[in-house]
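Undergrad:
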Amino acid sequence: METIVQVRDLQKSYGHVRAVDGVSFDIPVESCFGLLGPNGAGKTTTIEMMEGILTPSGGQVLFRGKPIDRHFKEKVGIQFQSTALPEFITVKETLEMFRAFYPDPRPMDEVIDICSLADIISRDNRKLSGGQRQRLLLALAIVPYPEIVFLDEPTTGLDPQARRNFWKLIERIRLEKTTVVLTTHYMEEAQLLCDRIAIMDHGRILELDTPENLLAKHFEGVVVRVPAGAEGNETMELVTSNLDETMKSLLAEQTNLDGLSIHKPNLEDLFIKLTGSSLRS
Ligand SMILES: Nc1ncnc2c1ncn2[C@@H]1O[C@H](COP(=O)(O)OP(=O)(O)OP(=O)(O)O)[C@@H](O)[C@H]1O
Ligand SMILES: [Mg+2]
């Protein structure tokens, strides 16, 4: 498989803080790569070094086998974790302003269509809802027909419907053979969109594989969850490959089984197992 981006022993330190502490991975062309990790794990720092915005303290990023140069920015689309949009201008004016930066930008109609902006095209940027704002930011990212787009938490704060709509946009831009790199705190999103996932914590990669392989590697069986009971005992989670035996022993211990649930392990379970914290905390 052809590789579009290679990250080699990438590092970034701020004083004593090792925000990124030697990460390496390859991103195959036309794939969707997900960076997951709790707050402060180093995701934004990693992605911004890949975008050529932050200078690494060590290691390197190669784009199509070469160090990133000044032409790189014509080939990438970037959606920042937080971006100020110009105020007192409309969505359409914002797109026009942005299109003027590129010699051969995507036609306006196409951008409006892909990102479903028709309804809000004349609206002032200050009046956009969170989901509308994310759609506009993605629209700006795809203006240059990028070979690769970087999306830093594109769906944080969106309601479930807006998030699903955003996933459709990502699938749509992938049809154009665009490589996608995204960070997210939503496991469901990573599982659905990403071909491969890197789980980061404390500036390092803990695991990197396809969602299926990660789950197969770490879990055998099902997750049994017994919620905290009235007696004040804590929520208990067990992974078992012998459900029959587990249930028998829970009953023998006279555990209160009110609200018990059983599910197949998902990335959320894996995340908690690896980082000891819930993604959304
Ligand atoms: N400019 C900076 N100066 C000092 N420390 C920084 C700077 N930028 C990031 N850090 C630190 O580097 C670490 C990684 O931060 P980063 O923003 O990459 O995390 P993240 O994984 O994107 O987190 P989140 O999920 O909250 O967005 C944190 O400890 C952060 O405080
Ligand atoms: Mg971040």
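Per our numbering, residue 17 is the first one in the sequence shown, and the count goes up by one each step. Using N, Cα and C, we set each Cβ at its ideal position, and we do this for glycine too. Note that the structure is predicted; figures quoted are calculated from it, not measured.
Out of curiosity, what's the CA-to-CA distance linking residue 257 and residue 91?
TA: Going from the Cα of residue 257 to the Cα of residue 91 covers about 48 Å.
Undergrad: Hey, could you find the ends of the beta strand (DSSP E) residue 22 is sitting in?
TA: Run containing residue 22: 19-30, per the beta strand (DSSP E) assignment.
Undergrad: Considering only the alpha carbon of each residue, which of 36, 124, 220, 196 lies closest to residue 19?
TA: Minimum Cα distance to residue 19 is reached at 196.
Undergrad: Output needed for residue 153: all residues of its chain with C-beta closer than 7 Å, excluding positions within five of it in sequence on either side, in chain order.
TA: 95, 99, listed in sequence order.
Undergrad: Answer yes or no: do residue 83 and residue 118 have a C-beta to C-beta separation smaller than 8 Å?
TA: No, they are not a contact pair.
Undergrad: If I'm right that residue 221 touches residue 39 with Cβ under 8 Å, what's the distance once you round it to whole angstroms?
TA: At roughly 5 Å, the Cβ-Cβ gap stays under 8 Å, so residue 221 and residue 39 are in contact.
Undergrad: Looking at the unbroken alpha helix (DSSP H) that takes in residue 185, where does it start and where does it end?
TA: Here the alpha helix (DSSP H) through residue 185 covers 176-191.
Undergrad: Give the DSSP-derived three-state secondary structure of residue 222 in the structure shown.
TA: DSSP places residue 222 in strand when its eight states are reduced to three.
Undergrad: Under DSSP, the alpha helix (DSSP H) around residue 227 begins and ends at which residues?
TA: Note, residue 227: alpha helix (DSSP H), 227-234.
Undergrad: Please list, in chain order, all residues of the same chain as residue 28 whose beta carbon is under 7 Å from its beta carbon, the five residues on each side excluded.
TA: Taken in chain order, the residues that qualify are 35, 36, 61, 65, 70, 72, 73.
Undergrad: Candidates 147, 50, 164: which alpha carbon is nearest residue 176's?
TA: Among 147, 50, 164, the Cα nearest to that of residue 176 belongs to 147.
Undergrad: Please classify residue 117: does DSSP put it in a helix, a strand, or coil?
TA: Of the three classes helix, strand and coil, the one that applies to residue 117 here is coil, per DSSP.
Undergrad: What do you get for residue 59, buried or exposed, if any count of 16 or more other CB atoms within 10 angstroms of its CB means buried?
TA: Per the 10 Å Cβ criterion, buried.
Undergrad: State the Cα-Cα distance for the pair residue 235 and residue 224, rounded to the nearest angstrom.
TA: Straight-line Cα distance between these residues: approximately 15 Å.
Undergrad: On the three-state DSSP scale, how would you describe residue 287?
TA: Residue 287 falls in the helix class under three-state DSSP.
Undergrad: Shortest alpha-carbon distance to residue 67 belongs to which of 141, 168, 55?
TA: Closest by alpha carbon: 168.
Undergrad: Can you tell me the Cα-Cα spacing of residue 56 and residue 80, whole angstroms?
TA: Rounded to the nearest angstrom, the two C-alpha atoms are 29 Å apart.
Undergrad: What is the residue span of the alpha helix (DSSP H) that residue 16 lies within?
TA: The displayed coordinates of the chain run from 17 to 297. Any statement about residue 16 would go beyond what the structure contains.
Undergrad: Just list the residues that DSSP pairs residue 253 with in beta bridges.
TA: The partner list for residue 253 (beta bridge, DSSP) reads 241.
Undergrad: Just the Cα atoms here: how many angstroms apart are residue 131 and residue 187?
TA: Each residue's Cα considered, the two are about 11 Å apart.
Undergrad: Is it buried or exposed, residue 212, if we count other Cβ atoms within 10 angstroms and call 16 or more buried?
TA: Buried, since its Cβ has 16 or more Cβ neighbours within 10 Å.
Undergrad: Is residue 60 a contact residue of ligand 2, with contact defined as CB to any heavy atom under 7 Å?
TA: For ligand 2, at least one heavy atom lies less than 7 Å from the Cβ of residue 60.
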